[in-house]
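Structure, as structure tokens:
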Amino acid sequence: MNRITIRRFAAGAVAAALVLTGLSATTSASAATRALVIGLGSDPAPTTYDPVAYSAGQRLFYESLYDSLFYPDGKGGENPGLATSYTVGADKKSIVLNLRTGVKFSDGSTFSGDTVKANLGRAITATKDDNLASYQIFEKGGSSEITSVTASGNSATINFAKAQGDIPSLFTGVAGMMVSSAAAANPASLKLAPVGSGPYVLSKAGTIKGSSYKETKNTGHWNSNSYKATSLLYRIYLNGQAGANALATGQIDIYDRINSAQVAFLTKVHAGINSMGGHVFWLNFWNGGQNPPGHAIAGNKNVRLALSYATDRAALVKQLFPGDRPTANFIPKGASGYDASLESAYAYSPTKAKQLLADAGVKNLTLETIIGPGDVAYAQALTAQWAKVGVTLKAKVFSSIDELFGAVGSEPFGFFDTVVSNPAGFAAGVLVYGFGNFLGTKNDAVNGSLGAALGAPSNATLKALNDALVNEAWIIPIREGFDYSGYNAKTVKQPAVGVDGTVVPMLSDISFK
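Reading the sequence shown from the start, the letters are residues 2 to 514 in this note's numbering.
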């Protein structure tokens, strides 16, 4: 899954002063140590080191600690990982994996077919309380429900409830990462430390949870030569501008995600910037508006549609996001499934918004939401717009990561963004069967169109999915822009991006100059 991105704009005075005076900090990735320093915009392990507890947005961190069954090849296919080859059943409801031998986990155990069975078995027996974000498509009722896994030596057979498309792609990235059999049997143990077979191992020395994570190279890793750094240091920057300053002053080599407001600043100081289009920002109604039960927006899509009409997308873009474009589509312009008619259908109309609220018998609607510091200006602009139709928005900056994650189960909606490279897969993994539908709400239009798009993706079926999500007010698209990541042009070569559909490079594609 693509992650919730928290953006911040407050400047770090010391780092900014270094930039303004023409000084630079000592480069962390020195020729002697070949250490790689990576900046992350959020804590990758707030509650556990269990990779499947998170979404694809945490991939750059967990790629270092865990091996995946497959890796994306950047061409729509997969490269072998822990699975070296495979055979898909004629009915596309099963896959037999031939597994890599000699792979050791950090707890000393050996990887085998039983390890795959222990890991994916968690999806079969999972309950909602397990909160396995990357496994929710595999859980009962999910779009790729796994019914059983059998193991025999160094092979494993995975069976699905219904025919699938590209089965190996389901097990790339975080969803395909394997913990040891013991850790899979006792996932609570992963709250203390990761238990993986990846190219790096977490070091207690230098790791301050929530702040920085130090890792040393696993020299016995089967693909060790593809990872150039002898050690890694992940630094967390909850203030986005502080992270941009760290990149500008040479304190970090890679910054996983930067926002459009920081691009001009980083360009002036000659920092390396990668970009990708198709980055869509929206308001996400947890459970399509059914959460929390009993709230005015729950079960009444017209109340949620009123908020769509009450949102002046063009004004928001002009005021806060120059370079982006307003959109009422979940799918980026020019991509398969984009529907130009939605732009006019949901044009700014306070009159329609007021009428929908009146028809629903809703007066003086008050909504509360948790936001990050970088979303303050965004929320303030929405507050002013919605006040014109009698809706009060109260946005509170979160005080802890737990509070942010907890909002999913207790508040009506949240601010969300992602690069929509696989709309049907993302809708399935996040919006319908993932954490965006915490209570498992069903909507005939959304579920029906999603099933069609997953079964036979085409412009028509993706357009139907796009329309259903917007017309049923499952989400409110706001704007489309570019997604950016940064690199230190003095220390590392420009990394390839887009390999897994995002602007964040694969760890194996980062190399020193």
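Glycine included, every Cβ here is placed at the ideal spot set by N, Cα and C. Since we're looking at a predicted model, the values are computed, not measured.
### Query
Cα-Cα, which of Leu470, Gly499, Ala189 is closest to Asp340?
Comparing Cα-Cα distances from Asp340 to each of Leu470, Gly499, Ala189, the minimum goes to Leu470.
### Query
Measuring CA to CA, which of Asn423, Ala425, Asn438, Phe427 is closest to Ser411?
Asn438
### Task
Excluding the 5 residues preceding and the 5 following Ile39 in the sequence, name in chain order all residues of the same chain whose CB lies nearer than 6 Å to its CB.
Tyr235, Ile255
#### Entry: Whole-angstrom distance between Pro73 and His222, CA atom to CA atom
19 Å
### Sequence-distant residues of the same chain with beta carbon closer than 6 Å to Ser181, five excluded per side
Phe106, Asp108, Ser110, Val196
### Task
Report the three-state DSSP secondary structure of Leu440 (helix, strand or coil).
coil
### Query
What are the start and end residues of each continuous alpha helix (DSSP H) run of 4 or more residues lying completely inside the segment 324-383, in chain order?
342-346, 351-360
### Query
Going by C-alpha distance, which of Gly199, Glu404, Pro169, Asp131 is nearest Ile96?
Pro169
### Task
Determine the burial state of Gln320: buried for a count of at least 16 other Cβ atoms within 10 Å of its Cβ, exposed for fewer.
exposed
### Task
Can you tell me which of Ala57, Asp44, Val392 puts its alpha carbon nearest to the alpha carbon of Phe427?
Each of Ala57, Asp44, Val392 was checked against the Cα of Phe427, and the nearest Cα belongs to Ala57.
### Task
Can you grab the Cα-Cα spacing for the pair Arg305 / Ala54, in whole Å?
29 Å
### Message
Nearest by alpha-carbon distance to Thr116: which of Asn187, Leu455, Asn240, His296 is it?
### Response
Asn187
### Query
Is it buried or exposed for Lys302, if we count other Cβ within 10 angstroms and need 16 for buried?
With 16 or more other Cβ atoms within 10 Å, it is buried.
### Task
On a CA-only basis, which of Asp257, Ala206, Ala243 is nearest Ile511? Give me that one, please.
Distances from the CA of Ile511 to each of Asp257, Ala206, Ala243 were compared; the closest alpha carbon is that of Asp257.
### Query
Using the beta-carbon count (16 or more within 10 Å), is Glu404 buried or exposed?
exposed
### Query
Starting from Pro195 and walking both ways along the alpha helix (DSSP H), at which residues does that stretch end?
Run containing Pro195: none; DSSP gives neither H nor E here.
### Message
Does any residue of chain C have a CB that is nearer than 8 Å to the CB of Val150?
### Response
Absence of chain C from the displayed structure is noted, only one protein chain being present.
### Task
Quick one: measure Cβ to Cβ for Ser592 and Asn460, integer angstroms, because I've assumed they're closer than 8 Å.
The chain is shown only over 2 to 514; residue 592 falls outside these bounds and no answer can be derived.
### Message
Give the list of continuous beta strand (DSSP E) stretches no shorter than 3 residues that lie fully inside the segment 217-301.
### Response
For the segment 217-301, whole beta strand (DSSP E) runs of length 3 or above, ordered along the chain, are 232-237, 255-259, 273-286.
### Query
Between the C-alpha atoms of Leu463 and Ala388, what's the straight-line distance to the nearest angstrom?
34 Å
### Task
Grab me the residues of Tyr1's own chain with a C-beta within less than 6 Å of its C-beta, minus the 5 sequence neighbours each way, in chain order.
Outside the modelled stretch of the chain, which goes from 2 to 514, sits residue 1, for which no answer is possible.
### Query
At a cut-off of 7 Å, is Ala54 close to the ligand MG when judged by its beta-carbon and the heavy atoms of the ligand?
The ligand MG is not part of the structure shown, which contains no ligands of any sort.
#### Entry: Neighbourhood of Gly199 by C-beta, 6 Å cutoff - its chain only, sequence neighbours within 5 removed
Result list for Gly199: Ser65, Leu66, Tyr67, Asp68, in chain order.
### Task
Assign Ile402 to one of three DSSP states: helix, strand, or coil.
helix
### Task
Quick one: residues in its chain with C-beta nearer than 7 Å to the C-beta of Ile477, no 5 flanking neighbours on either side, listed in chain order?
Trp283, Leu284, Leu308, Ser309, Thr312
### Query
Going by beta carbon distance, what residues of the same chain come within less than 8 Å of Thr370, once the five residues before and after it are set aside?
Excluding positions up to five away in sequence, the list reads Ala380, Leu394, Lys395, Ala396, Lys397, Ala408, Glu412, Pro413, Phe414, Gly415, Phe416.
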